[in-house]
Amino acid sequence: MKTLVTKRLILRNLTFSDVEDFYNYAKKPNIGPSAGWKPHQSIEESMRIIRMMITENEVWGITLKEVDRVIGTIGLHVRNFDNAMLNQKEIGYVIDDTYWGQGLMVEAVEAVLRYAFIDLELDKVLCGHSTANLQSKRVVEKTNFIYTHKEFRDHYDGTQIEIIMYELTKDMYLGGTNDKSKTEIRL
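Take 7 as the starting number for the sequence shown in this note's numbering and just add one per residue.
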């Protein structure tokens, strides 16, 4: 997996040494629930999740350029799609609330979209957020995703939550307003 570098961020492979940073934001009560997962209860739980993300090939740790400390994660995930003929993935992301409202996640999403469409040659990237997750809604709006539908997904507490779904096709991306020149990709 490639390291992605933006103006303020480095998106890199996660390592086991990132577990403490990951746990520090994953345990917060306002982080996981809006994304559909419960706050982490222990550093051991965070270690299990990091181990899973390390084996999944396209999950990056988000770090600030100045400090190599994980402040979030972003990844491209395979889902069961209605149209299995399309080469597509779903983007998912989370960032420590200390960094909300600074445009960092928009920057990270733009870098991953460039990688998805240019390097992986995906046809489509999907994105979804719960109706209550206004921060994620702003990221989706700023990165030019188009609303497609609503669906319900299982929540960690056994309930169903409404998810607003969006998509961005390669054609829309290449013809759109995303500034693709601000991301450096390293092998």
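Ideal Cβ positions, reconstructed from N, Cα and C, are used throughout, including at glycine.
How is residue i classed by DSSP in three states: helix, strand or coil?
| i | result |
| --- | --- |
| ARG159 | strand |
| MET7 | coil |
| THR21 | coil |
| GLU113 | helix |
| SER48 | coil |
| ILE16 | strand |
| THR175 | strand |
| THR149 | coil |
| GLU168 | strand |
| GLU26 | helix |
| GLY98 | strand |
| THR104 | helix |
Taking buried to mean at least 16 other C-beta atoms within 10 Å of its own C-beta, is residue i buried or exposed?
| i | result |
| --- | --- |
| ILE94 | A quick correction: the sequence has Gln, not Ile, at residue 94. Buried, because 16 or more other Cβ atoms sit within 10 Å of the Cβ of GLN94. |
| TYR29 | buried |
Would you call the CB atoms of residue i and residue j closer than 8 Å?
| i | j | result |
| --- | --- | --- |
| LYS71 | LEU128 | no |
| ILE77 | TYR121 | no |
| GLU113 | THR21 | no |
| HIS161 | MET171 | no |
| ASP103 | ILE37 | yes |
| ARG18 | THR69 | yes |
Please decide whether residue i counts as near chain B, where near means a Cβ-Cβ distance under 8 Å.
| i | result |
| --- | --- |
| LYS148 | The structure shown contains no chain B; it is built from a single protein chain. |
Three or more C-beta pairs under 8 Å: does that hold for the segment 34-49 against the segment 96-103?
Contact between the segment 34-49 and the segment 96-103 is present, because at least three Cβ pairs lie under 8 Å.
Quick check: the segment 51-58 against the segment 171-178, are at least 3 beta-carbon pairs closer than 8 Å?
The segment 51-58 and the segment 171-178 do not touch, with fewer than three beta-carbon pairs separated by less than 8 Å.
Touch check for the segment 57-67 and the segment 127-141: three-plus C-beta pairs under 8 Å?
No contact exists between the segment 57-67 and the segment 127-141.
Hey, is the segment 114-127 in contact with the segment 72-82, meaning 3+ C-beta pairs nearer than 8 Å?
Yes: the two stretches touch, three or more of their Cβ pairs being nearer than 8 Å.
Fully enclosed by the segment 31-83, which beta strand (DSSP E) runs are 3 residues long or longer?
Residue ranges of uninterrupted beta strand (DSSP E) with 3 or more members, entirely inside the segment 31-83 and ordered along the chain, are 65-70, 76-83.
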